[in-house]
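Sequence order for the protein chains is E and P.
Letter by letter, the first sequence follows residues 1 to 166 of the working numbering.
Letter by letter, the second sequence follows residues 167 to 796 of the working numbering.
Ideal placement from N, C-alpha and C gives every residue a C-beta, glycine not left out.
Step one of this worksheet: look at the structure below.
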Amino acid sequence: ASTHCTMPERAEMHSAVSFGDLTANNVGQAQTLNEVVLPIRYEKKLYKEVVDTARYARLAYFNEVVVGAVCSRLEGTKLYILSLAVLAPYRNLGIGRQLMEHVVNEAQKNGEGIEEIHLHVQVGSDDALRFYERLGFKRDDEIVKGYYTRIEPADAYHLRFAVRSP
Amino acid sequence: AHAPVRPRRPTFPRTGSQAKAREAYRLSSYYRKLASLCTGAVCVCVCVRVCARADPTTRCSVRCCRRSLWHALLAAMAPPSQQLPLKEANSFRQIVRLYEQKQYKKAIKQADSILKKFPEHGETLAMKGLVLGCMHADEKEKAYDFVRKGLRHNMRSHVCWHVFGLLYRQDGQFEEASKSFKNALRIDKENFQIMRDLSMLQVQMRDLEGFVETRRSMLVLNATRKASWVGFAIASALNGDYQQAIKAIESYERVGNSSAEAGNDEAYKLSEQALFKVYLRMKMGDLEAALKDLEENKSVIVDVESFMEYKAKIFLQLNRVDDAEKMYRELLERNSECYSYHEGLLRCLGVSSCDVQNVNGASDDLQDRLVAVYQELAEKYPRSLAVQRIPLNWSKGNSFESRVYEYAVSFIARGIPSFFADMKPLYANEEKARILDKVFWNILESVQKDGRLPAQCNATGAHGDVHEQGVMWIKAYLAQHCAIRGEYKKSVELIDEAISHTPTCIDLYLFKAQILENGGDVNGAAALTERARKMDLQDRYLNTVSAKMLMRADKTSTVEADHPGSEEVMRLFTKEGTYNNLYDMQCMWYEIETGKSFVRQKKFGRAIKKFVGVQQHFDDFYNDQFDFHS
């Protein structure tokens, strides 16, 4: 996943922040969000997969306007986080953390047998790395070389989160 | 009630002897003999049979006898083929019953059985025509032929004329129908059913004088039913004769509500009756009497809101300003958001223009008084929006400026998109527009610099803090503000800044689309509304806005897969995705906009089809009103 986010201390949730489900009808807003925030442009058909896995996706609102979104994809027993994005003016409010916590909770409670959540973080994004590690993700020792095809640096860290103790 | 009209002089069609007829008419004994003669003849009126079965000298009401005897006379004088023997007469009555029960096939069978023996019986022919007209909508010609044939055979039968009228009515030709009913009435002057049908037609065509007359005749015939009195009263009121209407209602009240139909809504009906009387007196201009009526009937009137509103209006018209003001304050206690109550209050306080939306500000000497009153209201109803917004209309200059600062606080803090729409009427006043310009640029500067509202807003502590999103909303407001003042370039700049701040805010695209459209760029506007629509596919409002913009850009048909035309976009929200649904739902904005677009595209045939559809809707409105007269 790509993220640009600095992690606040346990800040209080702003009264204007609320959360909602992602559906086929509003996935367009998530798409607009990602196109603006993230350096990678995802294909349209990817968002169809996101709608199928809508249980592990979520939208964040500020005064009824979408400002953040997390999108994921189910690969067998592993859940892959495709993207986590929050618009620049709305960062440092704890929105990113709340979105991730929602995904983790959903993965932990259901009976679909999800064993692991994993994602990629671009090399050089130390803030993002710290963000996930604080949530409990563990970094793989090897770096994935040439993961990104169109942006620099092309390498990525691979992080995992074990949902059930192996 | 007026006396029943004398029957016209009869002529004996076979012998053509007028003298004989005159003789018969004058001899009173002749009538009695005729009554006994008529036991055999077909006569629609039950009365005659009763009289004839009993002693012919029995006293029934003169009116009734005369009518029924006249009837019998006619029937006796009708050509023999028009009188049916008892068995066929019963059969004929059954046809009428079957028609009323909508059992058309059986009715036709009965009619045919009578016609086999009496092929020239006018009334049966007419009934057959009527039933045919009901059964098959496309056999109208045949139906008319039958009825006309029947009428030719028996011009003197009120049944034939009545049926003719019914057929015309079904066809929607109200003018012809009323003529036929009038003919029927000329023959049978006291037939309640015909009168009823005629009165419904007259009110549909707004023949008000005729309507009053018909209703009066109905009242004379049936003075015990409440509905007759009410019908007559309403007819008089419609015709402008309020005095008569009031008398009618009062007469009925004197007679008393004898009917045992006291249902759950009896109290409400009485209340409405009382209020109706008050309304009539007000219309007549008799305000003192109206007020007295209101007071007397206070215990009966359950609709407290109307009671208070009428009272307040009457006080104001009588120039009893203090009483009126008290009433309007009481009304505001019930509902502080109602603009008409505020209007009443302002008129009491002496604001000369009665339009509460008048943005030109009240005169200077009134300002102090208004400030005091609205200060009081604001303390009593702190959450009322109207109490905050209306002062913006009547205030001027510096006081207006400070009020705008305070009004803006909640809108900006909560990011309410409709803020500009709320303020838009104020721009009609040039001085206020200039003040608004100053105020909002000031607010923007302050929020961008410190993240706080400026001091003039009087928002203390946390209320004065504005999250960065507020900047986006203020820029959006200023964009619309610049557009209405004609500064288009600046307007587009501002809205673009807002969009790049939060590209997921759908309202911003709609604002920009409106700005572009007003500036003349319809294609750009359509592209934006489409983008907005795709972001929330279950929003019907976005669908209609986008469809309308596509029509304005003349993109009615779909050219590329990903960019649907307006026709396809409209279909997304109709039942089963069909076009017919839009016609059935009488969606006229769609028909008009699409029609205009087709005209621009020179597809005149399709345009005409849409416009004709609109016309048909209005015809349907008019025709559908008919069912509500009964």
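*Cross-chain neighbours of Val36 of chain E in chain P, by beta carbon under 7 angstroms*: Against the first sequence, residue 36 of chain E aligns to sequence position 36. Per Cβ cutoff of 7 angstroms: Pro669.
*For Lys678 of chain P, go through chain E and note every residue whose CB falls closer than 9 angstroms to its CB, in chain order.*
Taking the first residue of the second sequence as 1, we reach residue 678 of chain P at position 512. Among the residues of chain E, none has a CB under 9 angstroms from the CB of Lys678 of chain P; the nearest is roughly 15 angstroms distant.
_What does the Cβ neighbour count give for Tyr756 of chain P, buried or exposed, with the cut at 16 atoms within 10 Å?_
What you label residue 756 of chain P is simply residue 590 of the second sequence in a count that begins at 1. It is buried - the Cβ of Tyr756 of chain P has at least 16 other Cβ atoms within 10 Å.
*Would you identify the three-state DSSP class for Leu33 of chain E, choosing helix, strand or coil?*
Walking along the first sequence from the start, residue 33 of chain E turns up at place 33. Leu33 of chain E falls in the helix class under three-state DSSP.
*chain P within 8 angstroms of Gln98 of chain E, Cβ atoms only*: One-based indexing of the first sequence puts residue 98 of chain E at position 98. Judged by the 8 angstroms Cβ criterion, Gln98 of chain E is not in contact with chain P.
*Mapping DSSP to helix, strand and coil, what is Leu250 of chain P?*
One-based indexing of the second sequence puts residue 250 of chain P at position 84. Coil.
*Could you check where the alpha helix (DSSP H) with Glu733 of chain P kicks off and where it finishes?*
Locating residue 733 of chain P in the second sequence gives position 567, where the first residue counts as 1. That run of the alpha helix (DSSP H) goes 732-737.
*asked:* Our contact map puts Glu733 of chain P next to Thr744 of chain P with C-beta atoms below 8 angstroms; I'd like the distance itself, whole angstroms only.
replied: Within the second sequence, residue 733 of chain P is the residue found at index 567, counting from 1. Within the second sequence, residue 744 of chain P is the residue found at index 578, counting from 1. That pair is no contact at about 12 angstroms.
_Which same chain residues end up closer than 7 angstroms to Phe481 of chain P when comparing Cβ atoms and leaving out the 5 residues on each side of it in sequence?_
Translated into positions along the second sequence, residue 481 of chain P becomes position 315. Here Phe481 of chain P has Asp489, Ala490, Met493 as same chain residues with Cβ atoms under 7 angstroms from its own Cβ, once five neighbours each way along the sequence are excluded.
*chain P partners of Gly170 of chain E, CB-CB under 8 angstroms?*
The shown model of chain E, from 1 to 166, leaves out residue 170 of chain E, and the question about it has no answer.
*Is the stretch 555-570 of chain P touching the stretch 521-536 of chain P in the sense that three or more CB pairs, one from each, lie closer than 8 angstroms?*
Because the criterion of three Cβ pairs below 8 angstroms is met, the stretch 521-536 of chain P and the stretch 555-570 of chain P touch.
*asked:* So the candidates are E:Tyr61, E:Ser15, E:Arg73, E:Ala60; which of them puts its Cα closest to the Cα of Tyr42 of chain E?
replied: To locate residue 42 of chain E, count along the first sequence from 1; it is residue 42. Minimum Cα-Cα distance from Tyr42 of chain E among the listed residues E:Tyr61, E:Ser15, E:Arg73, E:Ala60 corresponds to E:Arg73.
*asked:* Can you tell me which residues form a DSSP beta bridge with Ala552 of chain P?
replied: Reading the second sequence from its first residue, position 386 is the one you call residue 552 of chain P. Listed as beta-bridge partners of Ala552 of chain P by DSSP are no residues whatsoever.
*Under 8 angstroms between C-beta atoms, does Phe89 of chain E make it to chain P?*
The residue labelled residue 89 of chain E in the question sits at position 89 within the first sequence. The identity of residue 89 of chain E in the sequence shown is Pro, whereas the question assumes Phe. Answer yes: the Cβ-Cβ gap between Pro89 of chain E and chain P drops below 8 angstroms somewhere.
*the stretch 699-718 of chain P in contact with the stretch 749-765 of chain P per 3-pair CB rule at 8 angstroms*: Counting Cβ pairs under 8 angstroms, three or more are found: they touch.
*Is the stretch 124-131 of chain E in contact with the stretch 653-672 of chain P, if contact means three or more CB pairs nearer than 8 angstroms?*
Cβ pair count under 8 angstroms is below three, so no.
*asked:* Can you look up Ser72 of chain E in the DSSP assignment and give me helix, strand or coil?
replied: Translated into the one-based positions of the first sequence, residue 72 of chain E becomes position 72. Ser72 of chain E carries a strand assignment under DSSP once its states are collapsed to helix, strand and coil.
*Out of curiosity, what's the CA-to-CA distance linking Pro251 of chain P and Val313 of chain P?*
In the second sequence, counting from the first residue as 1, residue 251 of chain P sits at position 85. In the second sequence, counting from the first residue as 1, residue 313 of chain P sits at position 147. Distance from the CA atom of Pro251 of chain P to the CA atom of Val313 of chain P, rounded to whole angstroms, is 22 angstroms.
*Would a C-beta distance cut-off of 8 angstroms place Asp124 of chain P and Val470 of chain P closer than the cut-off?*
There is no way to answer for residue 124 of chain P, as the model of chain P reaches only from 167 to 796.
*Comparing alpha-carbon positions, which option in E:Gly96, E:Tyr47, E:Lys44 lies nearest Tyr61 of chain E?*
Within the first sequence, residue 61 of chain E is the residue found at index 61, counting from 1. Nearest of E:Gly96, E:Tyr47, E:Lys44 to Tyr61 of chain E, Cα basis: E:Gly96.
*Assuming Ala478 of chain P and Leu497 of chain P form a contact by the criterion Cβ under 8 angstroms, report the distance between their Cβ atoms to the nearest whole angstrom.*
Sequence index remark: in the second sequence, residue 478 of chain P carries index 312 (1-based). Sequence index remark: in the second sequence, residue 497 of chain P carries index 331 (1-based). Their Cβ separation, rounded to whole angstroms, is 6 angstroms, which keeps Ala478 of chain P and Leu497 of chain P in contact under 8 angstroms.
*Is the shortest distance between the beta-carbon of Tyr66 of chain E and the beta-carbons of chain P less than 8 angstroms?*
Taking the first residue of the first sequence as position 1, residue 66 of chain E is located at position 66. One detail in the question is off: residue 66 of chain E reads as Val in this sequence, not Tyr. So yes, Val66 of chain E belongs to the interface.
*What does Gln635 of chain P touch in chain E if you count any residue whose Cβ is under 9 angstroms from its own?*
If you number the second sequence from 1, residue 635 of chain P lands on position 469. Per Cβ cutoff of 9 angstroms: Ala16, Phe62, Asn63, Val65, Val67, Pro89, Tyr90.
*If you follow the alpha helix (DSSP H) that Tyr749 of chain P is part of, which residue opens it and which one closes it?*
Numbered from its first residue, the second sequence carries residue 749 of chain P at position 583. Boundaries of the alpha helix (DSSP H) around Tyr749 of chain P: 746-750.
*Do the CB positions of Asp337 of chain P and Lys306 of chain P come within less than 8 angstroms of each other?*
Along the second sequence, read from residue 1 onward, the residue named residue 337 of chain P stands at position 171. Along the second sequence, read from residue 1 onward, the residue named residue 306 of chain P stands at position 140. A contact, by the Cβ cut-off of 8 angstroms.
*Residue of P:Leu332, P:Arg651, P:Ala414, P:Ala574 minimising C-alpha distance to Ile640 of chain P*: Within the second sequence, numbered from 1, the residue matching residue 640 of chain P stands at position 474. Measuring from the Cα of Ile640 of chain P, the nearest candidate turns out to be P:Ala574.
*Residue range of the unbroken beta strand (DSSP E) whose run includes Val85 of chain E*: By one-based count along the first sequence, residue 85 of chain E stands at place 85. A small fix is needed here, since residue 85 of chain E is Ala in this sequence, not Val. For Ala85 of chain E, the uninterrupted beta strand (DSSP E) run begins and ends at 78-86, by DSSP.
*Which residues, taken in chain order from the stretch 579-595 of chain P, show a beta carbon closer than 8 angstroms to some beta carbon of chain E?*
The stretch 579-595 of chain P vs chain E, Cβ under 8 angstroms: Arg580, Gly581.
_Per-residue contacts from Leu33 of chain E into chain P (C-beta, under 7 angstroms)_ = Working through the first sequence from its first residue, we reach residue 33 of chain E at position 33. Neighbours of Leu33 of chain E on chain P, chain order: Thr670.
*Compile a chain-ordered list of the residues in the stretch 101-116 of chain E whose CB is closer than 9 angstroms to at least one CB of chain P.*
Along the stretch 101-116 of chain E, none of the residues has a CB nearer than 9 angstroms to a CB of chain P.
*Pull up the DSSP beta-bridge partners for Ser18 of chain E, would you.*
For the purposes of this step, residue 18 of chain E is taken as residue 18 along the first sequence, with counting starting at 1. Ser18 of chain E is bridged to E:Tyr61.
*asked:* Less than 8 angstroms between the beta carbons of Gly299 of chain P and Leu317 of chain P, yes or no?
replied: Mapped onto the second sequence, residue 299 of chain P falls at position 133. Mapped onto the second sequence, residue 317 of chain P falls at position 151. In this structure, Leu317 of chain P does not lie closer than 8 angstroms to Gly299 of chain P by Cβ.
*asked:* The beta strand (DSSP E) that contains Glu116 of chain E, what's its start and end?
replied: As a working mapping, residue 116 of chain E is identified with position 116 in the first sequence. Where Glu116 of chain E is concerned, the enclosing beta strand (DSSP E) stretches over 116-122.
*Do you know how far the Cα of His508 of chain P is from the Cα of Leu515 of chain P?*
The residue you call residue 515 of chain P lines up with position 349 of the second sequence. The residue you call residue 508 of chain P lines up with position 342 of the second sequence. Leu515 of chain P and His508 of chain P: Cα-Cα distance of roughly 10 angstroms.
_Beta-carbon proximity list for Val228 of chain P, same chain, < 8 angstroms, skipping 5 on both sides_ = On the second sequence, position 62 is the one that residue 228 of chain P refers to. The pLDDT assigned to Val228 of chain P is 41, lower than 50, so where the model puts this residue is not dependable; a value taken from the coordinates is nonetheless given after this. No residues qualify anywhere along the chain.
*When you compare each of E:Leu159, E:Gln108, E:Asp140 to Tyr132 of chain E by their alpha carbons, which one comes out closest?*
As a first step, residue 132 of chain E must be located in the first sequence, where it is residue number 132. For Tyr132 of chain E, the nearest C-alpha among the options comes from E:Leu159.
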